[in-house]
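Asker: Numbering (full-length UniProt numbering), first residue to last: 1 to 267. A virtual CB, placed ideally from N, CA and C, is assigned to each residue, including glycine. I'd like to ask you about the structure that follows.
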């Protein structure tokens with residue numbers, strides 16, 4: 001049999017296992033072996049063999065006291081990851097729209113890509129002078145607010161190559177040209193719970209704030225931004241814009257299932 005033909009046929013045993021797993025998902029409660037077998041239209045002995053493999057994979061677990069079967073820890077994790085991937089952008093778009101309405105400033109959403117943070121959406125405020133943010137814009141790690149937030153909370157092995165490439169740029173501000181300086185800046189971001197950039201955010205005369213949004217695994221998944229015109233933008237740590245941004249990021253993190261210590265610290 002050719003590889004192409006084999007690929008079209010698939011793996012029948014896997015499909016049978018997924019049929020049994022689907023019965024359990026649709027059951028919406030723990031189930032006895034006989035009930036699973038009846039719903040799947042298979043002999044109980046056959047279903048049991050598949051359940052053993054599903055248990056080993058973490059998709060199913062068996063209660064030792066009742067012998068009933070239910071979804072396992074890995075199945076729950078798959079569900080949470082799926083929710084996170086489907087909902088984070090949708091919820092993020094609503095969050096930056098609400099934030100824009102609250103503070104009447106340009107707001108934006110950035111996600112991580114292999115080249116660093118990228119703007120995926122922005123919201124224009126109702127004011128005569130605004131800052132336009134271009135969707136798809138790739139942001140620097142050290143001289144953008146969202147880049148600093150991702151650099152502060154992502155794994156060092158992931159962000160280090162990008163940071164080192166930027167540190168080699170002779171136009172980088174003098175206070176960011178060594179690792180001790182960069183580490184001090186990132187420590188401040190983690191301490192404050194947000195990043196602030198003024199004077200050299202992509203273009204002169206623009207200021208920006210960014211706050212991290214975490215998922216249920218405690219990983220940064222989004223950066224929420226507020227962008228304004230220098231001198232016309234409230235950057236005060238205890239000001240309305242910073243408070244509203246941090247509160248919006250915490251609220252979105254909680255909606256994505258995050259329950260870590262940063263929530264209580266920021267609130």
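Within 10 angstroms of the Cβ of residue 10, are there 16 or more other Cβ atoms? Answer buried if so, exposed if not.
Answerer: Classification for residue 10: exposed.
Asker: Using a Cβ-Cβ distance under 8 Å, would residue 215 count as near chain D?
Answerer: Considering every chain present, this structure includes no chain D. It has just one protein chain.
Asker: Taking residue 197 as the reference, which of 160, 213, 237 and 165 has the closest Cα?
Answerer: Ranking the options by Cα distance to residue 197, first place goes to 237.
Asker: Which one of 168, 253, 205 and 12 has the shortest CA to CA distance from residue 231?
Answerer: The shortest Cα separation from residue 231 among 168, 253, 205 and 12 belongs to 205.
Asker: Distance, Cα to Cα, residue 249 vs residue 255?
Answerer: One C-alpha to the other measures close to 10 Å.
Asker: Evaluate contact between the region 107-126 and the region 135-153, counting only Cβ atoms and requiring at least three cross-stretch pairs below 8 Å.
Answerer: Yes, the region 107-126 is in contact with the region 135-153.
Asker: Are residue 25 and residue 40 closer than 8 Å when you measure CB to CB?
Answerer: Result no, Cβ atoms of residue 25 and residue 40 do not sit closer than 8 Å.
Asker: Does the region 145-158 touch the region 185-199, meaning 3 or more C-beta pairs lie closer than 8 Å?
Answerer: Segments in contact, yes.
Asker: Decide if residue 201 is buried, meaning its Cβ has at least 16 other Cβ atoms within 10 Å, or exposed.
Answerer: Note that residue 201 scores a pLDDT of 48, beneath 50, so its modelled location is shaky; the value from the coordinates is reported in the next line. Its Cβ being crowded by 16 or more others within 10 Å, residue 201 is buried.
Asker: Assign residue 107 to one of two classes, buried (16 or more other C-beta atoms within 10 Å of its C-beta) or exposed (fewer than that).
Answerer: When all chains shown are included, residue 107 counts as buried.
Asker: Who are the Cβ neighbours of residue 67 in its own chain at under 8 Å, not counting the five residues just before and after it?
Answerer: Closer than 8 Å at the Cβ level, and outside the excluded window around residue 67, lie 32 and 33.
Asker: So residue 109 and residue 245 are supposed to be a Cβ contact under 8 Å. How far apart are they, rounded?
Answerer: 12 Å between Cβ atoms; not a contact.
Asker: Tell me which residues share the same chain as residue 211 and place their Cβ nearer than 6 Å to its Cβ, disregarding the 5 neighbours each side in the sequence.
Answerer: Once the five neighbours on either side are set aside, the close Cβ partners of residue 211 are 194, 224, 245, 246 and 249.
Asker: Which residue marks the beginning of the alpha helix (DSSP H) containing residue 30, and which one marks its end?
Answerer: Where residue 30 is concerned, there is no enclosing alpha helix (DSSP H), given that its DSSP letter is neither H nor E.
Asker: By DSSP, does residue 52 sit in helix, in strand, or in coil?
Answerer: Residue 52 falls in the helix class under three-state DSSP.
Asker: Within 10 angstroms of its Cβ, does residue 117 collect 16 or more other Cβ (buried), or is it exposed?
Answerer: Counting Cβ neighbours within 10 Å, residue 117 comes out buried, since at least 16 surround it.
Asker: Does the distance between the C-beta of residue 223 and the nearest non-hydrogen atom of the ligand FMN fall short of 7 Å?
Answerer: Annotation note on the ligand FMN: not contained in the displayed structure, which lists no ligands.
Asker: Can you name, in chain order, every residue of its own chain whose Cβ lies under 7 Å from the Cβ of residue 228, other than the five neighbours on each side?
Answerer: Closer than 7 Å at Cβ, skipping near neighbours: 105, 106, 131 and 207.
Asker: Buried or exposed: residue 88, going by 16 or more other Cβ atoms within 10 Å of its Cβ?
Answerer: Buried, since its Cβ has 16 or more Cβ neighbours within 10 Å.
Asker: Quick one: which unbroken beta strand (DSSP E) runs of 3-plus residues sit fully inside the region 172-255? Chain order, please.
Answerer: Here the runs fully enclosed are 195-198, 206-214 and 220-229.
Asker: Quick check on residue 317: does DSSP put it in helix, strand or coil?
Answerer: The structure shown has nothing for residue 317, since the chain only spans 1 to 267.
Asker: Would you report the Cα separation of residue 239 and residue 171, rounded to the nearest angstrom?
Answerer: Each residue's alpha carbon lies about 31 Å from the other.
Asker: Just the Cα atoms here: how many angstroms apart are residue 183 and residue 154?
Answerer: Taking the straight line from one Cα to the other gives about 13 Å.
Asker: Excluding the 5 residues preceding and the 5 following residue 91 in the sequence, name in chain order all residues of the same chain whose CB lies nearer than 8 Å to its CB.
Answerer: Excluding residues within five positions, the ones whose Cβ falls inside 8 Å are 252, 255 and 256.
Asker: I need the DSSP call for residue 69, collapsed to helix, strand or coil.
Answerer: If DSSP states are grouped into helix, strand and coil, residue 69 belongs with the strands.
Asker: With H, G and I counted as helix, E and B as strand and the rest as coil, what does DSSP make of residue 133?
Answerer: Looking at residue 133 - three-state DSSP - the assignment turns out to be coil, as it is neither helix nor strand.
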